[in-house]
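Residue numbering for the sequence shown follows the numbering used here, beginning at 26 and increasing consecutively. The C-beta atom is built at its ideal place from N, Cα and C for all residues, glycine as well. Everything numeric in this text was worked out from a predicted model, so none of it was measured. I have placed the structure first, in the form of structure tokens, so that the comments after it can refer back to it.
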Amino acid sequence: MGIEEQFILLSLGLVTIGVRMGVRIRQIGFGGWQLDDYLMPFTGLVFTAETVAAYLVGAKFQGLTNSYMTDQERADIDMNGQEHYNRVWGSKIQVIGWSFYACILWCLKFCVTAFYGRLTSGLTHLKTRVTIAYIILGVSYAVVALTILLSCQPFHHFWQVSPDPGLLCQPTKSPAYVL
Numbered sequence: 026m027g028i029e030e031q032f033i034l035l036s037l038g039l040v041t042i043g044v045r046m047g048v049r050i051r052q053i054g055f056g057g058w059q060l061d062d063y064l065m066p067f068t069g070l071v072f073t074a075e076t077v078a079a080y081l082v083g084a085k086f087q088g089l090t091n092s093y094m095t096d097q098e099r100a101d102i103d104m105n106g107q108e109h110y111n112r113v114w115g116s117k118i119q120v121i122g123w124s125f126y127a128c129i130l131w132c133l134k135f136c137v138t139a140f141y142g143r144l145t146s147g148l149t150h151l152k153t154r155v156t157i158a159y160i161i162l163g164v165s166y167a168v169v170a171l172t173i174l175l176s177c178q179p180f181h182h183f184w185q186v187s188p189d190p191g192l193l194c195q196p197t198k199s200p201a202y203v204l
């Protein structure tokens, strides 16, 4: 994805969040805000941070990570050189980016659940279902966050360049992230 496309998508997301917040403020003011009304601006901040992280990997660190290297390339890399530096920081930002991405998705899922909870607030038989949805979302987010952060042990192997840290420690192609 190009840099322009990243920032266009961010702009569209932030405008959508801004319009949503404006409508809610006009309807009920700040005093009547619900969970989803607070989560949307937070999601916008995390989306901004994720976009900046993706930009940094591409622009500042030349899109390099510890992934897609042969054993010979790993052995030949100068540990004090710019390429090694770029690969280490690119890999670190990949882990941060994956964490932000999961946070964005689950914040939006919580927002939709809160919205459904508000829509069905007068239907007492659906309150249990919304509560179950919150529990499932909380547990599934914990599982995803722990999978992202604990799939590679020791943790610093996420940005190890040489020797090969193993497939689970390469954030751009880890099979643990596919699940």
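Inter-residue distance for I42 and G69 is about 7 angstroms (C-alpha atoms, whole angstroms). Within the same chain, L64, T68 come within 6 angstroms of C132 by CB-CB distance, once the 5 residues on both sides are set aside. Taking a C-beta distance under 8 angstroms as the contact criterion, A78 and G122 qualify as a contact pair. When secondary structure is reduced to three states using DSSP, S176 falls in the coil class, being assigned neither helix nor strand. Around the C-beta of E75, 16 or more other C-beta atoms lie within 10 Å, and the residue is accordingly described as buried.
Every unbroken stretch of the alpha helix (DSSP H) spanning 4 or more residues and falling wholly within the segment 98-166 is given here in chain order: 107-144. Nearest Cα to Y159 within the set F180, F135, G56, L148: F135.
In the DSSP assignment, Y80 falls within the alpha helix (DSSP H) that extends over 60-84. For F72 against I118, the beta-carbon gap comes to about 16 angstroms, at or over 8 angstroms, which does not count as contact. Below 8 angstroms, enough C-beta pairs join the segment 176-192 and the segment 100-120 to call them touching: three or more.
Separation of the CB atoms of A84 and S124 is rounded to 20 angstroms, and the pair is thereby denied contact status at 8 angstroms. F140 and N105 have their alpha carbons spaced roughly 52 angstroms apart. If you draw a straight line from the Cα of I173 to the Cα of Q52, it is about 39 angstroms long.
In this chain, the alpha helix (DSSP H) harbouring S36 covers 28-53.
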